[in-house]
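Here's the structure, in structure tokens; my notes come after.
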Amino acid sequence: MDNCEDPKECNGVSETEAQIDENKAARNESCSERFLHCLSQVPCGSLIAWIILLVGLGGLTGGLLIGAQKSRDMLENTEFLWFIEYTLIGVVVSMFVIGTLLLLVGHMSSEPTSRHVFQTTNKNMCAQGLNIFVYRQLMAFCYILGFSWIVASVVLAVPVYLLSLLYFADFTAANKTTKCVNLVHYGLDNPRQEFCGADFQNFEREGKQLIISYIAALISAILIAISLVHFMIVISANLAYLRNSRIATLNAYDDDGANSKLVADTTM
0 MDNCEDPKEC
10 NGVSETEAQI
20 DENKAARNES
30 CSERFLHCLS
40 QVPCGSLIAW
50 IILLVGLGGL
60 TGGLLIGAQK
70 SRDMLENTEF
80 LWFIEYTLIG
90 VVVSMFVIGT
100 LLLLVGHMSS
110 EPTSRHVFQT
120 TNKNMCAQGL
130 NIFVYRQLMA
140 FCYILGFSWI
150 VASVVLAVPV
160 YLLSLLYFAD
170 FTAANKTTKC
180 VNLVHYGLDN
190 PRQEFCGADF
200 QNFEREGKQL
210 IISYIAALIS
220 AILIAISLVH
230 FMIVISANLA
240 YLRNSRIATL
250 NAYDDDGANS
260 KLVADTTM
């Protein structure tokens, strides 16, 4: 009676054939299946925070670009908010890069990626370095960045408040016959300071349309701040898991070393 050491050979299937079948199955995967497989390796919390960040950046870009252009038309001043396009490009690109890096850190510090990256004692030194970097540097940076976006939300609330006065305030002039608005009273340094009569009606109509753009920009800034808070929570949880996993792995190595030393002592 023949003895078969390899169970796969007993079943008539060799390792080579199994590998060939797996490779064929991998090649037969469609693009969408591979994309879904990649997404399954990304932690859900980090992915949701990244998507919220992208939605916020998209809304902020559209809201501010449209709002700046309509503000120039309403105030009849082509130089008003001249810097907004350049500032917006820098902010959006920077936040996209930062958000992608935060997503990568969350991916590297979660299961099953951390198991493959931080397995040995040497790689756990790398994990320790990542812990120190994230806790002392990246978490503080996210906190400062989140606070900055809260301040930006407050700044964007100012034009929303000023434009909302068109709905609630009474702009009737002293002669009680026409409505006028003087931009000096609102801290705006504009070549044309006063709009009265028919000009005020155009100003009011364009202002009521303009408030929608600034509300969209305000909501988008709040979404970006929420996504950064979400990133901090997710990274903190993932890194706490990574630290505990590293400690457990190092303890296992210490136990193996102690057991091997005990075996060596008993065989002497």
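Counting from 0, one number per residue, gives the positions in the sequence shown under numbering that gives the first Met the number 0.
A virtual CB, placed ideally from N, CA and C, is assigned to each residue, including glycine.
Query, Result
"Take K178 and list the residues in its own chain whose beta-carbon comes closer than 6 Å to its own, dropping the five residues that flank it on each side.", "F170, T171 and F199"
"Near T99, which residues of its chain fall below 8 Å by C-beta distance, leaving aside the five closest residues on each side in sequence?", "W49"
"Just to check my reading of the structure: L217 and L155 have Cβ atoms closer than 8 Å, yes? What is that Cβ distance to the nearest angstrom?", "4 Å"
"For H106 and V41, what's the separation of their Cα atoms in angstroms?", "5 Å"
"Ignoring anything shorter than 3 residues, give me the beta strand (DSSP E) runs that lie fully in the stretch 193-244, in order along the chain.", "193-195"
"Give me the residue from L74, S45 and G44 with the minimum Cα distance to L209.", "L74"
"Suppose the cutoff is 8 Å on Cβ atoms and the five residues either side in sequence are ignored; what does the same chain contact list for L222 look like?", "I51, L52, V54, G55 and G58"
"Can you tell me which of the three DSSP states T177 falls into?", "coil"
"Beta carbon of V180, beta carbon of F167: below 7 Å?", "no"
"Does the distance from the C-beta atom of V153 to that of Y213 stay below 7 Å?", "no"
"If we ignore side chains and look at the alpha-carbon of each, how far apart do T60 and V91 end up?", "8 Å"
"Would you call G186 buried or exposed, if buried means 16 or more other Cβ atoms sit within 10 Å of its Cβ?", "exposed"
"How many Å lie between N189 and E84 at the Cα?", "20 Å"
"Tell me, please, which residues DSSP counts as bridged to T171.", "K178"
"What span of residues does the alpha helix (DSSP H) with Q68 cover, start to end?", "C43 to L74"
"Return helix, strand or coil for L187, following the three-state DSSP convention.", "coil"
"May I have the straight-line CA-CA distance separating N76 from L64, to the nearest angstrom?", "15 Å"
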